[in-house]
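Reviewing the structure listed below.
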Amino acid sequence: MPVGDDAGLAAGTADAVAATLAGARTVVAVTGAGMSQESGVPTFRDAQTGLWARFDPAELATPEAFRRDPERVFGWYLRRWTLARRAEPHAGYRALAGLADVFDELLVVTQNVDGLHRRAGSPDVVELHGSLEAFRCADAGHPFAADGLEALAGRVPDGPVAPPRCPVCGSPVRPGVVWFGEGLPGAAVERAWAAAESCDAMLVIGTSSLVFPAASVPEIVLRRGRPVIEINPDRTPLTPRARVWWPARAGDALPALAARLHAA
Ligand code: OAD
């Protein structure tokens, strides 16, 4: 059933999505901040609660910002890491993890840095924008064990925090996330792009589809003429070209979809 003026755009229901996925053996799920919204992790672009509505990314999420004010940037990421660790994956996360049993391959390609897909049990996850837990030194990329930061995060959750020094080279430790102006991790890009080139279908869940290069992953599947299914309460630039748009929250849609697919 068409939705609004978008020809060919089906009204999203578990049945419509299940029908679109019929016969698919390899599936990629691309996720964004909306996936974690119901776990209490804020999105970026929500007009009221989004991180970039409340904070200036140029002051917090660039290598220049870290060089200029490492204490402010490190403290902010330590706070986000603490919140992510306290968050629990919601039912939609667990349902998506369970779909790994339904397909031959289900690769999750996430822009999120909160680690919730892994904690929910998804066995195959590519983190395109890095991870809040993967601390490393700024100069040489030496890994830095997060364990030592737990006590620090507990003591000073809100204000500036001086980044610890790398025990190998002495340079300041930074979060292992991708900042604006930086390249995506090469291995993650290779895996995600190759999966998009070969998958039977793609789910795109909780992303505004505005940030490139991540937003170009569904474009590959569209170009190949394979179905792209979007789960998002709001429209995005991808919506008019999705085979199915399911205007629902991830925590509602994914358990319903999993129940439908497990019953098939
Ligand atoms: P955005 O904040 O741009 O978009 C979140 C999307 O999730 C929006 O389209 C919402 O409509 C949707 N949404 C909100 N709640 C939802 C729910 N419960 N279920 C399903 N969808 C929901 O976040 P991203 O698209 O992930 O990058 O942003 C992409 C990148 O921009 C982030 O990875 C980050 C940011 O700058 C870096 O920091 C490098």
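When you line the sequence shown up against the working numbering, it's residues 13 to 276, in that order.
The C-beta atom is built at its ideal place from N, Cα and C for all residues, glycine as well.
Residues sharing a beta bridge with residue i, DSSP
{"i": "Thr43", "result": "Thr122 and Ile217"}
{"i": "Val137", "result": "Val120"}
{"i": "Glu242", "result": "Val216 and Trp257"}
{"i": "Val185", "result": "Cys149"}
{"i": "Arg177", "result": "Pro184"}
{"i": "Gly35", "result": "DSSP lists no partner for Gly35."}
{"i": "Pro225", "result": "In the DSSP output, where bridge partners are listed per residue, Pro225 has none listed."}
{"i": "Gly142", "result": "Val189"}
Alpha carbon of residue i to alpha carbon of residue j, nearest angstrom
{"i": "Arg236", "j": "Ala96", "result": "36 Å"}
{"i": "Leu273", "j": "Thr32", "result": "11 Å"}
{"i": "Val39", "j": "Leu72", "result": "34 Å"}
{"i": "Val185", "j": "Glu83", "result": "11 Å"}
{"i": "Asp116", "j": "Ala36", "result": "9 Å"}
{"i": "Pro230", "j": "Leu119", "result": "13 Å"}
{"i": "Gly277", "j": "Phe78", "result": "Absent from the structure is residue 277, since the part of the chain shown begins at 13 and ends at 276."}
{"i": "Trp258", "j": "Leu161", "result": "40 Å"}
{"i": "Gly263", "j": "Arg106", "result": "9 Å"}
{"i": "Ala70", "j": "Arg91", "result": "18 Å"}
{"i": "Gly142", "j": "Val190", "result": "6 Å"}
{"i": "Val211", "j": "Thr25", "result": "Note on residue identity: the sequence assigns Cys, not Val, to residue 211. When rounded, the distance between both Cα atoms is 22 Å."}
Assumed close pair residue i, residue j - CB separation to whole angstroms, cut-off 8 Å
{"i": "Ser221", "j": "Leu250", "result": "4 Å"}
{"i": "Leu144", "j": "Pro172", "result": "Their Cβ separation, rounded to whole angstroms, is 18 Å, which puts Leu144 and Pro172 out of contact at 8 Å."}
{"i": "Ile232", "j": "Ala208", "result": "4 Å"}
Proximity test, residue i beta-carbon vs the ligand ADP heavy atom, cut-off 7 Å
{"i": "Ile217", "result": "Ligands displayed in this structure: the ligand OAD; the ligand ADP is not among them."}
Using a Cβ distance threshold of 8 Å, determine whether the segment 90-106 contacts the segment 45-56, with at least three qualifying pairs required.
yes
Three or more beta-carbon pairs under 8 Å between the segment 124-140 and the segment 189-207, yes or no?
yes
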